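First to last, the protein sequences are chains A and B. Going by the numbering used here, the letters in the first sequence line up with residues 1 to 114, in that order. Going by the numbering used here, the letters in the second sequence line up with residues 1 to 114, in that order.
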Amino acid sequence: AQSVAQPEDQVNVAEGNPLTVKCTYSVSGNPYLFWYVQYPNRGLQFLLKYITGDNLVKGSYGFEAEFNKSQTSFHLKKPSALVSDSALYFCAVRDPSGNTPLVFGKGTRLSVIA
Amino acid sequence: DAGVIQSPRHEVTEMGQEVTLRCKPISGHDYLFWYRQTMMRGLELLIYFNNNVPIDDSGMPEDRFSAKMPNASFSTLKIQPSEPRDSAVYFCASSLALHSYEQYFGPGTRLTVT
């Protein structure tokens, strides 16, 4: 069975500092990995995904994520945080060997402080 | 494309009443998903459809919940009778396929049952 864990409920970072939102996964084979962001009173919005190829994936709004197979991780990063990045972030995984939809983590709330 | 459309955006109803939530997926998307989001439980997958056929409804909490997809451009989620514990934000999402494709979420319907 596939699963994903976001170990931090809340991440606080000062504006201008780098940010990292952590995600680890468990699948039987090579995973498909996704990050979504949810702003207040909005639906989830796709940020980026890793399917194959380069382990460093670049996405919307200056975000990137690095796939690390040995550590089964897919942490979301941004070099310089903005106050407008404050939102709820979800990691999701899919096992491509099966016929199941995305499995989402519980979400991590990011607060960027001016 | 207008994206995934959900209606109503807000619904307030009394316990025991029937509630119907509506969703129009992105044109051409073969998969449609219904999710529920609460503070306590996070994001839960309720049911998903492929080509208008329900594939997995194991997430539907009780027999009071039912979902239909009469055609490729319309789906409903019905709760009858509604209870206060059904209060949540309900999201509809669609995707081209399961494989490596991301899901696109609607803005959600905030349901309050008093």
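No residue lacks a Cβ here, since even glycine has one placed at the ideal position from N, Cα and C. Predicted, not measured: the structure shown is a model, and the values here were computed from it.
Confirm, please, whether the CB-CB distance from residue j to residue i is below 8 Å.
i: A65(A); j: F74(A); result: yes
i: R9(B); j: T112(B); result: no
i: F105(B); j: A93(B); result: yes
i: T72(A); j: Y25(A); result: yes
i: L102(A); j: Q17(B); result: no
What three-state label does DSSP hand residue i in the structure shown?
i: S60(A); result: helix
i: V83(A); result: helix
i: D63(B); result: coil
i: P107(B); result: coil
i: R85(B); result: helix
i: H99(B); result: coil
i: L102(A); result: coil
i: R42(A); result: coil
Counting C-beta neighbours from all protein chains within 10 Å, is the total for residue i 16 or more, i.e. buried, or is it exposed?
i: T52(A); result: exposed
i: H29(B); result: buried
i: I113(A); result: exposed
i: V37(A); result: buried
i: Q2(A); result: buried
i: P25(B); result: buried
i: G29(A); result: exposed
Using 8 Å for Cβ pairs, my map puts residue i next to residue j. What's the rounded Cβ distance?
i: L56(A); j: Y89(A); result: That pair is no contact at about 18 Å.
i: V11(A); j: L19(A); result: 7 Å
Residues of chain C with a CB under 9 Å from the CB of residue i: which are they?
i: L77(B); result: Among the protein chains in the structure shown, which are A and B, there is no chain C.
Check whether the Cβ of residue i lies closer than 7 Å to any heavy atom of the ligand COA, and answer yes or no.
i: Y31(B); result: Annotation note on the ligand COA: not contained in the displayed structure, which lists no ligands.
| Three or more C-beta pairs closer than 8 Å, one from the segment 77 to 94 of chain A and one from the segment 65 to 79 of chain B: is that the case here? | Verdict: no, contact absent.
| Would you call the segment 46 to 62 of chain A and the segment 99 to 107 of chain A in contact, with 3 or more CB pairs under 8 Å? | The segment 46 to 62 of chain A and the segment 99 to 107 of chain A do not touch, with fewer than 3 CB-CB distances between them shorter than 8 Å.
| said: Does the contact criterion of 3 or more C-beta pairs under 8 Å hold for the segment 29 to 37 of chain B versus the segment 48 to 68 of chain B? | reply: In short, these stretches touch, since the Cβ pair count reaches three.
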